[in-house]
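Colleague:
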Amino acid sequence: MNKLNKILAQSKDIHYRSVDTDKAWDKFRAKANIVQEPIKNTKVIPLVPKQWLSIAAGLVLLLTATFIFWPEAPKFETTMASVESSVIKMIDGSVINLDKNSEVTYPVNYDGLDERYIVLTGNATFDVAHNPNMPFRVLKDDLLIEVLGTEFTLTGGDNGNIEVENHEGSVRASDVNDPTITIVLLKGDKVNFTPEGFVDLNYVAPVIPEPIIDHTATYSLYEIYFHLYERSNGAIDLHPNAKIDGRSTVRMDLTQNLQVIIDSLDEKTNFEYNYAQQVDMILIKKLLEK
Amino acid sequence: MNQGFSDINSFETLFRTYFEPLVNFVNSRINHYENSEEIVQDTFMKLWDSRDTLVIRTSVKSYLYQATKNTMIDFIRKSKHINVDIDSINHIPIEGEVDLDPYIIRSELEKALLTLKEKNRIIFKLNKFEGLTYKEIAEHLNMSERGVEDNISRAVKSLKDILKDNKHIFK
Chain A
60 MNKLNKILAQ SKDIHYRSVD TDKAWDKFRA KANIVQEPIK NTKVIPLVPK QWLSIAAGLV
120 LLLTATFIFW PEAPKFETTM ASVESSVIKM IDGSVINLDK NSEVTYPVNY DGLDERYIVL
180 TGNATFDVAH NPNMPFRVLK DDLLIEVLGT EFTLTGGDNG NIEVENHEGS VRASDVNDPT
240 ITIVLLKGDK VNFTPEGFVD LNYVAPVIPE PIIDHTATYS LYEIYFHLYE RSNGAIDLHP
300 NAKIDGRSTV RMDLTQNLQV IIDSLDEKTN FEYNYAQQVD MILIKKLLEK
Chain B
72 MNQGFSDINS FETLFRTYFE PLVNFVNSRI NHYENSEEIV QDTFMKLWDS RDTLVIRTSV
132 KSYLYQATKN TMIDFIRKSK HINVDIDSIN HIPIEGEVDL DPYIIRSELE KALLTLKEKN
192 RIIFKLNKFE GLTYKEIAEH LNMSERGVED NISRAVKSLK DILKDNKHIF K
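Going down the list, the protein sequences come from chains A and B.
Taking our numbering, the leading residue of the first sequence gets 60, the next gets one more, and so forth.
Taking our numbering, the leading residue of the second sequence gets 72, the next gets one more, and so forth.
(1) Whole angstroms is fine: what's the gap from T84 of chain B's alpha carbon to K190 of chain B's?
(2) Helix, strand or coil: how does DSSP classify T204 of chain B here?
(3) Would you kindly check if the distance between the Cβ of A83 of chain A and the Cβ of F96 of chain B is under 7 Å?
(4) Just the Cα atoms here: how many angstroms apart are I242 of chain A and N190 of chain A?
(5) Around the C-beta of A335 of chain A, are 16 or more other C-beta atoms found within 10 angstroms, so that it is buried, or is it exposed?
(6) For I73 of chain A, which residues in chain B fall below 8 Å Cβ to Cβ?
(7) How long is the line joining the alpha carbons of I127 of chain A and E174 of chain A, rounded to whole angstroms?
(8) Do you know offhand how far T164 of chain A's Cα is from V178 of chain A's?
(9) Mind pulling the chain A residues with CB within less than 7 Å of V126 of chain B?
(10) Return helix, strand or coil for K349 of chain A, following the three-state DSSP convention.
(11) In angstroms with no decimal places, state the Cα-to-Cα distance between V126 of chain B and F195 of chain B.
(12) What is the rounded straight-line gap between the Cα of S229 of chain B and the Cα of L187 of chain B?
(13) Would L342 of chain A and H298 of chain A be called neighbours here (beta carbons separated by less than 7 Å)?
(14) What distance in whole Å lies between the Cβ atoms of F135 of chain A and V94 of chain A, which are believed to be in contact at a cut-off of 8 Å?
(15) Leaving out five residues on either side along the sequence, give the residues of the same chain with a beta carbon under 6 Å from the beta carbon of R225 of chain B.
(16) Please name the residue, chosen from B:W119, B:I175, B:K151 and B:K117, that lies closest to V78 of chain A on a Cα-to-Cα basis.
(17) What three-state label does DSSP hand P191 of chain A in the structure shown?
(18) Which residues in the same chain have their Cβ closer than 8 Å to the Cβ of M60 of chain A, if we skip the five residues on either side of it in sequence?
(19) Chain B beta carbons: is any one of them nearer than 7 Å to that of S141 of chain A?
(20) By the three-class DSSP mapping on this structure, what secondary structure does A350 of chain A have?
(21) Verify the CB distance criterion: does T114 of chain B have a CB-CB separation below 7 Å to chain A?
(22) Cα separation between K90 of chain A and V197 of chain A?
(23) In the DSSP assignment, find the beta strand (DSSP E) that holds H286 of chain A and state where it starts and stops.
(24) Which residues in chain A have a C-beta closer than 7 Å to the C-beta of R122 of chain B? List them in chain order.
(25) Do we get a CB-CB distance below 7 Å when we pair S229 of chain A with the residues of chain B?
(26) Starting from Y176 of chain A, follow the beta strand (DSSP E) in both directions and report where the run begins and ends.
(27) Could you list which residues in chain B have their beta carbon closer than 9 Å to that of A264 of chain A, in chain order?
(28) Under the three-state reduction of DSSP, which class applies to V107 of chain A: helix, strand or coil?
(29) Thinking C-beta only, is S144 of chain A closer than 7 Å to D158 of chain A?
(30) Please state the DSSP three-state secondary structure of E255 of chain A.
(31) Whole angstroms is fine: what's the gap from W119 of chain B's alpha carbon to E109 of chain B's?
(32) List the residues of chain B whose Cβ lies closer than 7 Å to the Cβ of F195 of chain A, in chain order.
(33) State the CB to CB distance for the pair S233 of chain A and I240 of chain A, rounded to an integer number of angstroms; the pair is presumed to be in contact (CB under 8 Å).
(34) Taking F252 of chain A as the reference, which of A:K246, A:E269, A:V263 and A:D237 has the closest Cα?
(35) Let me see if you follow: with CB-CB separation under 7 Å, is I79 of chain B close to chain A or not?
(36) Using a Cβ-Cβ cut-off of 7 Å, state whether S77 of chain A counts as contacting chain B.
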């Protein structure tokens, strides 16, 4: 009895309430419109030779009725990947890679169908066999994907959004409730279907280059000297015998570093200076128009 | 259809086997018996509606367990009054259906207990399910501890006979 005790222990800790299954079944039958006939006692009548003709006629009728009312082969199958992902090969050669915890309904018989219509719950990747005469349509929640031949993935995104990634060919994705909300995805495109419409996940905001601002302006040589003096905290100053033509002008960019300004003065003016290495000072001896 | 419920009678058997444990399983997550019954009714309705096309690649029990989980998630998403973390349901393990098994076992036990004498059944349930000691039961029912023990022994013996061929319990 050890096993029964173990089982009792297993079911003891759960909160359990008996359910009126008879009532539940009656409710289910009513909802599903199921009529359950009670099993009737049938009377067996022995066959006699003179009835053969009527039996034969009955058989002919039965065969005819069977032919007429023989149920059609099912057109759709539903597959659920409950434990692990599942690969489904459709009869047209298309392949559905169904993720775990997902379910898909797909045609298994194309007689009378003019499209390959798939209903998906969960996530899946589709590798669609090209057939321009049989559009491939996938419905997932309110999103409808239409393709002729391609490979794409449908996954439930965050917050209930659906992510569509197109690997090959092109697909059209539409909101089934509003066909005007539609988008065509080319190879590599990836979008999110949200209640507000489609969001392009491949969109990368363009990098706007920093505008080049030209700080070049015309300054007098005195303004330039004074600028150098101020910025160097007096480390660039005039030699006691310096010659400077303060009113002459030159175009320069004074926002650049001091060495660049000094090089520019060398280039554009008659510029001489002494550099005192010990104290890291520059004494301007001459700053004249060139 | 090849799932073993090709006619209404076999479907009824399936319904009667799994309805109660599934309702209790769902109730353990959403804590509302009426809604739990609705969820399981919807699950069976989906199964019934797709009976001609459905191909179940696992067991019917696994299918019902997974389908009920999905219906429960849909129900929670649509309901504004149920505050349950859907992720916690999504992450319920599937392997071995460990979550559903105790409810199926309990359901089978409850059915078996209905065939016992009322006194045996009450004493057995008080001890095994409610956790009362022999002494507590004896005081509660105004009988001797030895009498309680005898009743439980008889109940266990009967249950063993009734359940020995039950595939849900002794796999």
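Ideal Cβ placement from N, Cα and C applies to all residues, glycine included.
This one's a predicted model, so the numbers in the text were calculated from it and none came from an experiment.
Modeller: Let me spell this out:
(1) 29 Å
(2) coil
(3) no
(4) 21 Å
(5) exposed
(6) N95, S99, P173, Y174 and R177
(7) Residue confidence is low: I127 of chain A scores 49 on pLDDT, short of 50, so the model does not pin down where it sits. Its coordinate-derived value is still stated next. Each residue's alpha carbon lies about 26 Å from the other.
(8) 5 Å
(9) E136, T137 and T138
(10) coil
(11) 41 Å
(12) 7 Å
(13) yes
(14) The pair is not a contact, with the Cβ atoms about 25 Å apart (cut-off 8 Å).
(15) N191
(16) B:I175
(17) coil
(18) At M60 of chain A the pLDDT is 45, less than 50, meaning the model places this residue with poor confidence and gives no usable figure here.
(19) yes
(20) What the structure shows of chain A is the stretch from 60 to 349, and residue 350 of chain A is not part of that stretch, so it cannot be assessed.
(21) no
(22) 29 Å
(23) First-last for H286 of chain A: L280 to R290, but that is the alpha helix (DSSP H), not the beta strand (DSSP E).
(24) Result: empty, since nearest Cβ-Cβ is about 10 Å, beyond 7 Å.
(25) no
(26) R175 to T180
(27) By Cβ distance, chain B contributes nothing, its closest Cβ being about 32 Å from A264 of chain A, past 9 Å.
(28) Any reading at V107 of chain A needs caution, since the residue's pLDDT is 45, under 50, leaving its predicted position unreliable; the model's value is listed next. Reduced to three states, the DSSP call for V107 of chain A is coil.
(29) yes
(30) coil
(31) 15 Å
(32) Correct list: empty, because the minimum Cβ distance to chain B is about 19 Å.
(33) 7 Å
(34) A:D237
(35) yes
(36) yes
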